[in-house]
Structures are given as C-alpha cells and as structure tokens.
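Before any comments, here is the structure.
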Amino acid sequence: MTTLLKSAALASGLALAAVSAQPALAAKPAPAAPASGGTIVQGLGIASFDAVIANSNAFKTAETQRQTTFKAQFDQAQTRQTALNAQIKPLIDKFNADRQGGKATQAQLEQQAGNIQQIQESGKAELQRILQPVGLSQAYVNEQIEDKLNDAVKAAMTKKGVSILISPDAILAVNGGAYNLNQDILNELNTAIPSAQLVPPAGWEPRQVREQRAQQAAAQGQQAAPAAGAAQPSGR
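Quick note on numbering: the sequence shown equals residues -26 to -1, 1 to 210 in mature numbering (1 follows the signal peptide of the UniProt record, and there is no 0).
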C-alpha cells in the first residue's frame, strides 16, 4: 500500500504550536456512516485518519506530556504575547481615533498602520521562534504515529473484510451504508504504537522538510550534470 497520509502537522515546512497550546489535531468523534434503512454495503468502509490519530493513545499522551516538558516555552510565549498586546493596543486606539477625527492626513494614517503591521509581524516571528521546539515535537510525534498508520489501516481492513476505504468528506451520496472503520484502525494503531517519543533528536527535521531538501538536491544534481558534460574538452 502506498503512503496513505502525509504529515498533518506541518505548515510552511514546519508546524508551530499556538500560544494557547491547542492540540495540532483536535480530537473528534468517529463520523457516523451514511445509511439507508440500516443496510451496510459489503466491502465498503469509511475512516477519518485525522480523527484516528487525534484519538490515539500516543497522540493524547504526548499532548499531556508536552504541557509539562515545554512549560518554559509556553510561559515565555504567553508573557511575550501579553507584552505585545499591551504595546499594540494604544497604537491601534490612536489610529482609530485619528481616522475618525479627520485631522490626520492619509499619509500619516498609512504610516501608523504600517508601524502597527510591522510590530505584529515581528512579534509573530518572535513567538514562532520561542515555540519552535513545541512545533518540532508535534511534528515528530505525528510522524511516528503516521509511520504505523498504514499497517494499522491494512490490518483493520483485512479483519473486517473491507476492500474499499474512503473518507467521510468524500461521500456525496450512497444507496446504503458503509462500515465505520475508525475504531478498528484506532485499536490496531494503539497496539502498534502505545506511546511516542516526545522530543526529537538533535538536528531532526520533519518529513516534508526532508523531502523538499532531497528534491532540491536532486534538481541541483540534474542541473550540474549537463554543465559538467559541457565543460569536458572534446577528444581527438
């Protein structure tokens, strides 16, 4: 079976945790299978991989442990966020007052707006740097779980006699029902990976970043090969 799932915790090459420390994947109940008269379509199953991962023991344990392991980063980010809000609020209040008062020129308003935007963007980048270890931890845990997901899916499908598996979001209409395989996959996944390592090793990079580096290296190698061939002196 080809890879069923890419890392869901990555954005722009790296998943970064929110200051509020919300989980990367919100746990949600298994979606109900569409049905007509309670009939089950033989061999057809549905499953939400995001829901399975978010409800797995390894994921939920890591989410709990992360609050303690990275408490210093969460506290630092929260303190910095509070300071940024205090810095920006009077600037926004002044901008709104000047705009409504009608005394400030358009150029002055644009300068104020640009200053506020610059502070916001700088603050966002600073918070991302503070929370980078948290984002790496999320990506590392998700990748460990995803590495076991394919086998868990295949095992659950085999045991339940499911030959076609689709996402609930992909169903428009079906004359009958589909077996909900979420819990079966979850059981297999919990057996395969009851817990995950929380902190990645030094120098670890998420799968998407590694794949991008490999693609860039391959492209550079292809570009270098013709250039090297052109530089070869012609023999006599």
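Glycine included, every Cβ here is placed at the ideal spot set by N, Cα and C.
Cβ contact annotation for Gln118 (same chain, cutoff 6 Å, sequence separation greater than five): Ala170, in chain order. Of all alpha-carbon atoms in Pro175, Lys122 and Gln189, the one lying nearest the alpha-carbon of Asn161 is that of Lys122.
For Leu58 against Tyr153, the beta-carbon gap comes to about 50 Å, at or over 8 Å, which does not count as contact. Per DSSP, reduced to three states, the secondary structure at Ala57 is helical. Restricted to the stretch 67 to 123, not a single beta strand (DSSP E) segment is unbroken, complete and at least 3 residues in length. When secondary structure is reduced to three states using DSSP, Ala152 falls in the strand class. A straight line joining the alpha-carbon of Gly88 with that of Gln74 spans about 18 Å. Between the C-alpha atoms of Lys77 and Gln92 there is a straight-line separation of about 24 Å. Relative to Ala21, the option among Glu185, Ala188, Ile138 and Pro174 whose CA is nearest is Ile138.
Counting along the chain, the unbroken beta strand (DSSP E) around Ile140 starts and ends at Ile138 to Ile140. Residue pairing by DSSP places Gly19 opposite Leu139 and Tyr153 in a beta bridge.
By the C-beta density criterion, Asp67 is exposed, having fewer than 16 other C-beta atoms within 10 angstroms. Distances from the alpha-carbon of Gln182 to those of Ile104, Asn116 and Gly195 put Asn116 closest. Looking at Ala198, Gly135 and Ala130, the one whose alpha-carbon comes closest to that of Phe23 is Ala130. With a beta-carbon spacing of about 10 Å, Leu155 and Ala126 fall beyond the 8 Å limit used to define contacts.
Contact between Ile104 and Gln41 is ruled out by a C-beta separation of about 16 Å, above the 8 Å threshold.
The beta carbon of Gln94 sits closer than 7 Å to the beta carbons of Ile62 from its chain, once the five residues preceding and following it are set aside; these are given in chain order. Taking Ser111 as reference, the option from Ser30, Trp178 and Gln189 with the minimal CA-CA separation is Trp178.
With a cutoff of 8 Å on beta-carbon distance, Gln85 and Asp72 are scored as not near each other.
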